[in-house]
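Q: Take 1 as the starting number for the sequence shown in full-length UniProt numbering and just add one per residue.
Even glycine gets a Cβ: it sits at the ideal position worked out from N, Cα and C.
Dumping the structure here so I can ask a few things about it.
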Amino acid sequence: MAFEEQIQATSSTHPEIFSHSNDLILPLRLESIIKSEGEDFIRAWLDCVKCHYDLCQSDERPTTLGLENLTFDPSADHAGAFVDWDAAVITSYEVNRTGAPPFLALDMLWKSPVPRLYRHDLESFIWILPWIFLQYEGGRRESCVLRSWEGADSDSVHGIKRSFLDRLSEFSPMSQYESEWRIVRVLLSWLTSEANRRKAEADSLERVVKDKQGELADFIKQIRSMPKVAEPEEKEPEQVYQEFWKIMIVAVEEDRESLGYAYDFVRDRDHAPHAGILVTFTTLKMDDIRKDVVSVPCSESLSYSNHILPLRLESILKLEGKDFVRAWLDCVKCHYVLSQSGERVTTLSLTSLAFDPAAGGSNILIDWDVSTPTHEEGVRTGAPAFLAMDMLGKARIPRLYRHDLEAFIWILPWVFLQFQDGRRISRVLSSWDSADYNAVRVQKSDILYAVKSELHLEKTSPFLQEWPVAKRLVYWLFCENVRRMKAERFQLLANDEKTSTRDAHPVPTYIKARIIASTTPMKGDIREDVAGRIWVVLLTLTYFDPHI
């Protein structure tokens, strides 16, 4: 059966595959925090810090921190809103180093793996400030003075950010943030002093170990008498949060004395600690969100509601076998609808894929980041484990639909090879956890070559029958990469022919035609949309119905 006939037959026998999905979650219309200036920016940023702390206290720790998470409501006095609806998905495994290197804490860049503490997230909030103040103006990135922070080598980024702290006085902010720059300097100085304190304590412990070798009893007594290097995990967030607010209040009070003005709202905010005790505050908690279930019909034109719809969602990891593949395919469809409507999903990961157990297992793609309008092209967002190969190898390239579709496909081997009963029981793909984009690209390239013969699932795996689906899709990625590489090579030959005075080996006309067909961009990325989506549908349906 010809390819076009297969498509027609599939659309007639399985019309639901080609219809728009009803499982879309529509968010509040929020604005990115980079559109705020001056006092409004600080106000919104502090609100986001508060929201994040509240989530952490309720054991709903956000998985990532970046610019897309920080928003404000322009209709509510620039009230800040921390957007992390990944917390609506219940996950049973711990994520360590996730997020973009520019915002990762120094410990997370330098040491791998390390226990993720609240101070690491708070440090990410602080790193966002110089990133914006030094590069953004009028809601757009006008400078690339911190471009080196986007490097793929986490060790290098660690060194660059440490050097930045030492040379902080050499940098000047954009004009709209000049009044707020001193707060940034105070907070970064606090990060430096805290890092130096922890290093001194660690060095002190190391000296004791060396001095007391062979004297075990005395050594144990010495250790017990020493101050703890770190507070217990359960006490760490509150202590760090209070210390942060003390620094903020001191900074704005000094501004009052030196400049004659201060941000009174910093002291007056309901989430600032007073007299060493955190004030009780009211905010949206995930426990409240999960109390009720609301179905959200999707119309042909997307519209935004003015309230948050509560849902209790479960991670797609709770599903196995055919149920998992069906849910995954539904999420592909949801994503396609969003892409066709112009609302491109900003990140794709396991936490984006969910199902509603109270609605007959209705499958849902979560992307609350669509509430933040983004204008930067070629920005790499998401965990390296699921990024497309092109996005791992080239820092600034136009983002196409096929890159998102490839991210969906990479989720399959990640889950099938490592998860069982909703838990990660294997680390066979642990090399994909690295923040080094180039290293992850190499590891995933090996998978492309090995998927047909060298990768096998255990006989007890709940995905044993579904493994051929993942293998075929990953092999399709391999073939597509080879095709694009050949097209690029032929394009180089064609360009050389135009500039060469020799025509002993001209490029044949039919090859030129294929080069044009495979490299010419089409409006709306339609060619990539149709080819990618149809192949996923056909390959997956072959699994459900071998007669197709």
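What residue does the alpha helix (DSSP H) around leucine 429 start on, and which one ends it?
A: The residue you call residue 429 lines up with position 429 of the sequence shown. Note, leucine 429: premise wrong, no alpha helix (DSSP H); not H, not E.
Q: Determine whether the beta carbon atoms of threonine 71 and isoleucine 33 lie at a separation below 9 angstroms.
A: Position 71 of the sequence shown, counting from 1, holds the residue named residue 71. Position 33 of the sequence shown, counting from 1, holds the residue named residue 33. Result yes, Cβ atoms of threonine 71 and isoleucine 33 sit closer than 9 angstroms.
Q: Counting only runs that start and end within the segment 99-151, where is the alpha helix (DSSP H) found for 4 or more residues in a row?
A: Runs of the alpha helix (DSSP H) inside the segment 99-151: 106-110, 118-133.
Q: Look at the Cβ atom of leucine 65, then the Cβ atom of serine 124, and state whether they are nearer than 9 angstroms.
A: Numbered from 1 along the sequence shown, position 65 holds the residue referred to as residue 65. Numbered from 1 along the sequence shown, position 124 holds the residue referred to as residue 124. Contact flag set, yes.
Q: For threonine 460 and serine 430, what's the separation of their Cα atoms in angstroms?
A: Reading the sequence shown from its first residue, position 460 is the one you call residue 460. Reading the sequence shown from its first residue, position 430 is the one you call residue 430. Using only the alpha carbons, I get a separation of about 21 angstroms.
Q: If you draw a straight line from the C-alpha of cysteine 144 to the C-alpha of leucine 129, how long is it?
A: If you number the sequence shown from 1, residue 144 lands on position 144. If you number the sequence shown from 1, residue 129 lands on position 129. About 15 angstroms.
Q: What does DSSP give as the partner residues of phenylalanine 82 in its beta bridges?
A: Locating residue 82 in the sequence shown gives position 82, counting from the first residue. In DSSP, phenylalanine 82 forms a bridge with Leu70.
Q: Name the two residues that bound the continuous beta strand (DSSP E) containing phenylalanine 355.
A: Along the sequence shown, one-based indexing puts residue 355 at 355. Phenylalanine 355 -> beta strand (DSSP E) spans 353-356.
Q: Is it a yes or a no for the segment 436-450 touching the segment 320-339, going by three-plus beta-carbon pairs under 8 angstroms?
A: Not touching, per the Cβ criterion.
Q: Under 8 angstroms Cβ to Cβ from glutamate 142, same chain only, skipping five residues before and after it: list those, please.
A: By 1-based counting over the sequence shown, the position of residue 142 is 142. Only Gln135, Tyr136, Met174 meet the Cβ criterion.
Q: Do leucine 348 and phenylalanine 324 have their C-beta atoms closer together than 9 angstroms?
A: Here the question's residue 348 lines up with position 348 in the sequence shown. Here the question's residue 324 lines up with position 324 in the sequence shown. Cβ atoms of leucine 348 and phenylalanine 324: not closer than 9 angstroms.
Q: Under the rule that 16 or more other beta-carbon atoms within 10 Å means buried, what is glutamate 37, buried or exposed?
A: Locating residue 37 in the sequence shown gives position 37, counting from the first residue. Glutamate 37 should be labelled buried.
Q: Identify, in the order they occur along the chain, each residue of the same chain with its Cβ nearer than 6 angstroms to the Cβ of cysteine 48, setting aside the five sequence neighbours on each side.
A: Residue numbering aside, residue 48 sits at position 48 when the sequence shown is read from its first letter. Taken in chain order, the residues that qualify are Leu70, Gly80, Phe82.
Q: So what does DSSP say about alanine 504, is it helix, strand or coil?
A: Within the sequence shown, numbered from 1, the residue matching residue 504 stands at position 504. Only weak support exists for where alanine 504 lies, its pLDDT of 44 falling under 50; the value from the coordinates is given anyway. Three-state DSSP puts alanine 504 in coil, outside helix and strand.
Q: Helix, strand or coil for aspartate 288, going by three-state DSSP, please let me know.
A: By 1-based counting over the sequence shown, the position of residue 288 is 288. Residue placement at aspartate 288 cannot be trusted, given a pLDDT of 35 that sits under 50; what the coordinates show is reported in the next sentence. Three-state DSSP puts aspartate 288 in a helix.
Q: Where does the unbroken beta strand (DSSP E) through glutamate 406 begin, and where does it stop?
A: Here residue 406 refers to the residue found at position 406 when the sequence shown is read from its first residue. Unbroken run through glutamate 406 is the alpha helix (DSSP H), 401-416; no beta strand (DSSP E).
Q: Just the Cα atoms here: how many angstroms apart are glutamine 340 and leucine 46?
A: Taking the first residue of the sequence shown as position 1, residue 340 is located at position 340. Taking the first residue of the sequence shown as position 1, residue 46 is located at position 46. So the two alpha carbons sit approximately 35 angstroms from each other.
Q: Between which two residues does the alpha helix (DSSP H) carrying serine 172 extend?
A: Locating residue 172 in the sequence shown gives position 172, where the first residue counts as 1. Note, serine 172: premise wrong, no alpha helix (DSSP H); not H, not E.
Q: With respect to the alpha helix (DSSP H) encompassing leucine 348, which residues constitute its N-terminal and C-terminal limits?
A: Here residue 348 refers to the residue found at position 348 of the sequence shown. Where leucine 348 is concerned, there is no enclosing alpha helix (DSSP H), given that its DSSP letter is neither H nor E.
Q: For tyrosine 449, count the other beta carbons within 10 Å of its own beta carbon; 16 or more makes it buried, fewer makes it exposed. Which is it?
A: Position 449 of the sequence shown, counted from the start, is the residue given in the question as residue 449. By the neighbour-count rule (16 or more Cβ atoms within 10 Å), tyrosine 449 is not buried but exposed.
Q: If we count the other Cβ atoms within 10 Å of its Cβ and call it buried at 16 or more, is histidine 274 buried or exposed?
A: Locating residue 274 in the sequence shown gives position 274, where the first residue counts as 1. Bear in mind that the predicted position of histidine 274 carries a pLDDT of just 34, short of 50, making it too unreliable to give a figure here.
Q: Alpha carbon to alpha carbon, how far is leucine 317 from valine 415?
A: The residue labelled residue 317 in the question sits at position 317 within the sequence shown. The residue labelled residue 415 in the question sits at position 415 within the sequence shown. So the alpha carbons of these two residues sit roughly 8 angstroms apart.
Q: Determine the direct distance from the alpha carbon of alanine 354 to that of lysine 246, and round the result to whole angstroms.
A: On the sequence shown, position 246 is the one that residue 246 refers to. On the sequence shown, position 354 is the one that residue 354 refers to. In a straight line, the C-alpha of lysine 246 is about 40 angstroms away from that of alanine 354.
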